[in-house]
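Line by line, the protein sequences give chains A, B, C and D.
The first sequence runs 0 to 382 under numbering that gives the first Met the number 0.
The second sequence runs 0 to 440 under numbering that gives the first Met the number 0.
The third sequence runs 0 to 111 under numbering that gives the first Met the number 0.
The fourth sequence runs 0 to 182 under numbering that gives the first Met the number 0.
The beta-carbon is built from N, C-alpha and C at its ideal position, and this holds for glycine as well.
Have a look at the structure below, then the notes.
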Amino acid sequence: MIDPKTVSPLDLDTPDKTFLDANELVINMGPQHPATHGVLRVILRLDGEKVMGLECVIGYLHRGVEKIAENRTYTMFNPYVDRMDYVAAVSNGLGYCEAIEKLLSVEAPPRAQYIRVILTELNRMASHQLWLGTHALDIGAITPLFYTFRDREEILKIFEKYCGARLTTHAFRIGGLQYEVYDGFEKDVRSFVKFVKPKIDEYEELLTTNRIWLERTKGVGVISGKDCIALGVTGPVLRASGVQWDLRKAQPYANYKNFEFDIPTGKNGDTYDRYLVRMAEMRQSLRIIEQAVEGIPEGPVMAKVPKVMKPPVGEVYHSIEAPKGELGYFVVSDGSTQPYRVRVRPPSFVNLQALDLMCRDQLVADVIAVIGTLDIVLGEVDR
Amino acid sequence: MNAIIDYIQSYLRTKDVTPGGDGNIFWATVYILLVFVGLSVAVIAMNWLERKILAHMQVRLGPMRVGPHGLLQPIADAIKLLLKEDIIPAEADALVFWVAPFIVVLAAFTVFVVVPFGPEHAITDMNIGILFMLGVSSLSVLGIVTAGWASNSHYPLIGALRSSAQMVSYEVAMGLAVVSAIMMTSLGEKGGTLSMIGIVESQYQQQEWFLFKFFPLGVIAFGIFAIAMVAETNRAPFDLPEAESELTAGFHTEYSGFRWSLFFLAEYSAMIAVSSIAVTLWLGGWLRPFPNALSGPTWELAFSLVPGLAFVFLAAMCFYNTARMPKHPLFRIQTMGLAGFGALLGLIGIVLFLPGVRERVQDVFWFAAKVAAFMYLYIWYRGTFPRYRFDQLMRVGWKVLLPIGLGLLICTGLWVMRVEVWHEVIVPAWLGCIGLLRRIF
Amino acid sequence: MHAMLDISTLHYLVLGAALFLLGVIGVLTRRNVVIVLMSIELILNAVNLNLVAFSRYWQSVHGGLSALQGQVFAIFIITDAAAEAAIGLGILIAFFRNKETVNVDEVDLLKW
Amino acid sequence: MNSSLAANPPVATPFFFYLLAAVMIVGGILVITRKNAVHSALALITTLLAQAGLYLMLYAPFVAGVQIILYAGGIMVLFLFVIMLINIERTMKERQFNKQWLVGIVAAGALGGLLIAAYTTTTGGRTLFPLGRQSYVDGDNTQRIAMLLFDNRFGTYMFAFEIASLLLLVAIIGAVVMAKKRI
């Protein structure tokens, strides 16, 4: 087991940027490309089909979310965070709300905590399902996409019933939840868990032992645990490289310490391990949801927070385990109603930095697989 | 006038000769038109079926709007494609860009000259039939390469190079499998032959489909061919040249409208063509199932009723679904359309029951049914498999299929030799083998 | 008119000669190696046409199996053409990699 | 299946001969005159396919098949590959014909004159080598070629055949050695 604290920063040999070598083919992948998951532009330097190096050009989806935060009150900024990782909007909201709660020194009531966990884990499921569908589609298996979207729909239905929105939910408020859950929420969640368990087996049936899938994913985009830590890569990518690091266990937030679950890890740090880790994580999420839905306590869903929030001068960094990795919010308050600075540490952005390392000496087709396996969302990369 | 009518009728009096073999221009033209129209209809039907079957595999409905159950969708698409602007990129080599789709379509359609739909239902019968089919179908590589090159863009070029490398590599394995089947023909009464009709007749004489001959050699050869033919037609899981997620659309990225639809047409006809080769070589071509075990007039009659029954069954399904249609007035036209379609199918089915027709279309029906099974396999693959990577694809072709194919060739040769027909078999087969082996270049 | 309607061996020979000459002109005048190689293919094909035409003539005169020798020769020449094209294009690629050109008259160094 | 070509000779022979011959000549001229090597290659392919048609008319179906599968489908694909690998943009802007082009054409013309002289003198006043009818059933052209290659009675070409395969092997290795960047 690698101790994260002892690893020194990675020294990536940067290739000289002479694009003039006659044997090299420079290819622009994106920003309009079906497999770059949004508007990522990758400049590939190819030797035949082998990738000699690549450079990511980002910023096509930059909306200045962090700057917007400086001109909004704490409450007003809450919906904006949903637009970063729009696939896992609930996680974004959770991170932001908890960061501000930390700043205000309030704590959400236990009932809200439980519902937050349920919704966040449901969202993790949804995010992983979407990842699986698109990743498999990139590798050429078109069918899992439709299976996962069919099942993700059930999650979105629960979200819709709960807050009226399906994607950018704005589910949480600073200090708890705005709404009490609707009648039958527990029943819906329970039936969803029952519904989706065999479906995960179904996905695995299509892919896990499929020869072509194995050939396309095993040994592709290998990254060692050390490199992961040196690059700051987190989430399933890090865990698939054999580092047991999950913020839900390492620095428990919300009330994750009340639940029993495992941290699935891989060994080889290749695309296949990342696939297995995410599949296992879906099952662990279901485990958490099952426990949480059994134990929802009664009580209020909103803590006492002032109508006009003026947190004391200071700064706070709060990070949670989003589906894609460590999602951190660094909020600086100058005592006014608006944050002085909000800095988001988006997992997608940091994980994307590993792309060059993971794609070196692989083939063009592997770049697609690796982009897929990194599970990036460009809304979060560019913010 | 009478001479012309006499000329037309003279072919009908002949037996077991293709129009090409008879040298009858009129009937050859009729057959060419029939094959052309039939192929176009088959491609349209295939398009619709692929979308529907794939959709049902993927828990969705597929086209439902244009016509009942989207039956008219391919026609709507065709109209759309024909009306679309034909864009030629500014930097493209206009002439080559313009010609490339035609090369592909020509190659894909020309092979049907020798496809035997029945003992006399082929445009012609060449004594180099299978060589002709492999050769002409390999010409489509030229169209693909030139299409990719003429687009003057990176993605099409890579797609074209991938595609041609793939087709050239898999032709080798394909050729080896074919040669092993040709070797088997030499055990028939007339000796070894490359003629497509001769191959099927050889299977009839030997009372065995080549699939089961020399078990397991026939099955292995068929397996090699079945894998190679998917790669040859650039379909999933070997659809790298058009790997959408990697190369957007491969060699036809820059094509639009009519010219794009030509590539589409060529792809599907090529699928039908290679399936026809597989059916002819290993699955007994037009021969009905169990011609030996279930022979006799009763069984003959029973099997000759199958085509009509199949159409009647389809018609019944149409009527069943008509009954299930929503009763809302909005659906009235669709309901009527579906009923009409069912009536059409039923009518065809009834016509197929007529004794005269029954005997003539038998062969064509069984051939088409076997090819249709392959078409379903193609769709099934597409719904199930991820895509191979390029190096893995090459590895499968050169390091797996080719050695197996060579070993298979030797084994088949030895087995055939045991039957003491050295002169008739090994030599032509060996010659054909070398001819095909040289495809390495 | 009779000669027009009845295609004789000479017709094929003249066609072969025309192709041969076209090939020779291509080899002698073009600078682009690829096109020179293609012209050589033209020459080989002209020869093949002659061989097959003579084989056909021999069949009508003598018949028998030995008449097919011309076709066998044609097949050998096609084999030869394949080998020639592969080697020629291999040399061309090596040359292009070193000199960045495909012009024959720039191949005037014995080493580089 | 007996295609009985001998019983039914090809129809409209002169028409198809002149058509295919015209295609071949035009294709040949395009091959040696086009600037763009890809256009030349496409013209050459047309020529080769037309020639395959002529082979069929000469009752040489196997040669025709080999012509299509090897020449048009194999060698020409190789040509196209190579043309795409090398950069033709620059070559297209340069002079297309070398300095001795006039001498070359004169030499070729002289050769042509020689051929004309040969044909006129050898056939002068005599027959034009009539093709006549096929003397045997054509249905097994492939088998007969194979026999000729193999059977001792007709003078075997077995050795030459094996040498040809060796030649191909050498060519494969040579081409790979030549074209590969690093071995």
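Can you name the residues that DSSP bridges to R418/A?
An answer regarding residue 418/A cannot be provided, because it is not within the stretch 0 to 382 covered by chain A.
Between which two residues does the beta strand (DSSP E) containing H317/A stretch?
Residue numbering aside, residue 317/A sits at position 318 when the first sequence is read from its first letter. Here the beta strand (DSSP E) through H317/A covers G313 to A321.
Check whether the segment 355-365 of chain A and the segment 329-339 of chain A touch, using three or more Cβ-Cβ pairs below 8 Å as the test.
no
CA nearest to the CA of M56/D, picked from G103/D, T120/D and P13/D:
Numbered from its first residue, the fourth sequence carries residue 56/D at position 57. Minimum Cα distance to M56/D is reached at P13/D.
Would V34/B pass as an interface residue toward chain A - the criterion being a Cβ-Cβ separation below 8 Å?
The sequence position of residue 34/B within the second sequence is 35, counting from 1. No - not a single Cβ of chain A is within 8 Å of the one on V34/B.
Looking at C-alpha atoms only, which residue of M56/B, A180/B, V65/B and V273/B is the closest neighbour of E231/B?
On the second sequence, residue 231/B is found 232 positions in, with the first residue counted as 1. Closest by alpha carbon: V273/B.
Beta-carbon of D21/B versus every beta-carbon of chain A: anything under 8 Å?
Walking along the second sequence from the start, residue 21/B turns up at place 22. False, the Cβ-Cβ gap to chain A never drops below 8 Å.
With R273/A as the anchor, note down where its alpha helix (DSSP H) starts and where it stops.
Stepping through the first sequence from its first residue, residue 273/A is reached at position 274. Unbroken alpha helix (DSSP H) run through R273/A: T270 to E293.
Residue of F352/B, V415/B, S294/B and L32/B minimising C-alpha distance to G187/B
The residue given as residue 187/B occupies position 188 in the second sequence. That would be V415/B, whose Cα lies nearest to the Cα of G187/B.
Could you tell me whether any Cβ in chain D is nearer than 8 Å to the Cβ of D104/C?
Residue numbering aside, residue 104/C sits at position 105 when the third sequence is read from its first letter. It does; some Cβ of chain D falls within 8 Å.
CB contact check: I92/C to chain D, cutoff 8 Å:
Here residue 92/C refers to the residue found at position 93 when the third sequence is read from its first residue. Chain D contact via Cβ: present.
Is I42/C close to chain D, meaning its C-beta is less than 8 Å from at least one C-beta of that chain?
Mapped onto the third sequence, residue 42/C falls at position 43. For I42/C, the answer is no, since every Cβ of chain D falls outside 8 Å of its Cβ.
List the whole-angstrom C-beta distance separating N31/C from A117/D, where the pair is believed to meet the contact cut-off of C-beta under 8 Å.
Here the question's residue 31/C lines up with position 32 in the third sequence. Here the question's residue 117/D lines up with position 118 in the fourth sequence. Not confirmed; about 31 Å, so no contact.
At a cut of 8 Å, does the segment 281-292 of chain A reach the segment 117-125 of chain A through at least three beta carbon pairs?
yes
Kindly indicate if chain B contains any beta-carbon less than 8 Å away from that of Q95/D.
Within the fourth sequence, the letter at position 96 stands for residue 95/D. No, no contact with chain B.
Whole-number beta carbon distance between S255/B and E90/B, since they are thought to touch under 8 Å:
Position 91 of the second sequence, counted from the start, is the residue given in the question as residue 90/B. Position 256 of the second sequence, counted from the start, is the residue given in the question as residue 255/B. That belief does not hold up - the Cβ atoms of E90/B and S255/B are roughly 16 Å apart, past 8 Å.
For a cutoff of 8 Å on Cβ pairs, would you count G139/A as touching chain B?
On the first sequence, position 140 is the one that residue 139/A refers to. Yes, G139/A counts as interfacial toward chain B.
Could you give the distance in angstroms between the alpha-carbon of G142/B and the alpha-carbon of Q165/B?
Residue numbering aside, residue 142/B sits at position 143 when the second sequence is read from its first letter. Residue numbering aside, residue 165/B sits at position 166 when the second sequence is read from its first letter. Cα-Cα distance, rounded: 14 Å.
Name, going along the chain, the residues of the segment 115-134 of chain A whose beta-carbon falls closer than 8 Å to a beta-carbon of chain B.
none
Interface partners of I114/C on chain D, CB under 9 Å
With chain C covering 0 to 111 only, the question about residue 114/C has no answer from this structure.
Name, in chain order, the residues that DSSP records as bridge partners for K49/A.
To locate residue 49/A, count along the first sequence from 1; it is residue 50. Answer is D46/A and L362/A.
Where G103/D meets chain C, residues with beta-carbon distance less than 7 Å
Position 104 of the fourth sequence holds residue 103/D. Near G103/D (Cβ distances below 7 Å), the residues of chain C are I24, L27 and T28.
How would you list, in chain order, the residues of chain B whose beta-carbon sits under 8 Å from the beta-carbon of W212/A?
To locate residue 212/A, count along the first sequence from 1; it is residue 213. Going along chain B in sequence order, the residues near W212/A (Cβ under 8 Å) are P385.
Comparing C-alpha positions only, which one of P296/A, N257/A and L213/A sits nearest to D272/A?
The sequence position of residue 272/A within the first sequence is 273, counting from 1. Checked all of P296/A, N257/A and L213/A; the closest Cα to D272/A is L213/A.
Buried or exposed for A21/D, please, with buried defined as at least 16 other CB atoms from any protein chain shown within 10 angstroms of its CB.
Residue mapping note: residue 21/D aligns to position 22 of the fourth sequence, counting from 1. Classification for A21/D: exposed.
In whole angstroms, what separates the C-alpha of S185/B from that of T45/D?
Here residue 185/B is taken as the residue at index 186 of the second sequence, counted from 1. Here residue 45/D is taken as the residue at index 46 of the fourth sequence, counted from 1. If I take the Cα positions, the gap works out to 35 Å.
Report buried or exposed for Q250/A, applying the criterion of at least 16 other Cβ atoms within 10 angstroms of its Cβ.
Translated into the one-based positions of the first sequence, residue 250/A becomes position 251. Label assigned to Q250/A: exposed.
Can the beta-carbon of T270/A be found closer than 8 Å to that of V349/A?
In the first sequence, residue 270/A corresponds to position 271, counting from 1. In the first sequence, residue 349/A corresponds to position 350, counting from 1. Taking 8 Å as the Cβ cut-off, T270/A and V349/A do not qualify as a contacting pair.
If you draw a straight line from the C-alpha of D137/D to the C-alpha of P385/B, how long is it?
Taking the fourth sequence and counting its residues from 1, the one referred to as residue 137/D is at position 138. Taking the second sequence and counting its residues from 1, the one referred to as residue 385/B is at position 386. Confidence in D137/D is poor, its pLDDT being 49 and thus under 50, which makes the residue's placement too unreliable to answer from.
Using a Cβ cut-off of 8 Å (strictly closer), state whether N209/A contacts chain B.
Locating residue 209/A in the first sequence gives position 210, counting from the first residue. Yes, N209/A lies at the interface with chain B (some Cβ there is under 8 Å from its Cβ).
Cβ contact (3+ pairs, closer than 8 Å) linking the segment 144-154 of chain B and the segment 381-395 of chain B
no
Taking C-beta to C-beta, are A107/B and S268/B nearer than 8 Å?
Numbered from 1 along the second sequence, position 108 holds the residue referred to as residue 107/B. Numbered from 1 along the second sequence, position 269 holds the residue referred to as residue 268/B. In this structure, S268/B lies closer than 8 Å to A107/B by Cβ.
Are the beta-carbon atoms of V30/D and L20/C separated by less than 8 Å?
Here residue 30/D corresponds to residue number 31 of the fourth sequence, with the count starting at 1. Here residue 20/C corresponds to residue number 21 of the third sequence, with the count starting at 1. Not a contact, by the Cβ cut-off of 8 Å.
Once you ignore the five residues that flank Q128/A on each side, which residues in its own chain have a CB closer than 7 Å to its CB?
Reading the first sequence from its first residue, position 129 is the one you call residue 128/A. T147, D150 and R151, listed in sequence order.
Are any of the Cβ atoms in chain B nearer than 8 Å to that of M0/D?
Indexing the fourth sequence from 1 puts residue 0/D at position 1. At M0/D, the pLDDT of 35 sits below 50, so the modelled position is not reliable and the matter cannot be decided from this model.
Just the C-alpha distance for L148/D and L64/C, rounded to the nearest angstrom, thanks.
Working through the fourth sequence from its first residue, we reach residue 148/D at position 149. Working through the third sequence from its first residue, we reach residue 64/C at position 65. Computed Cα separation, rounded: 11 Å.
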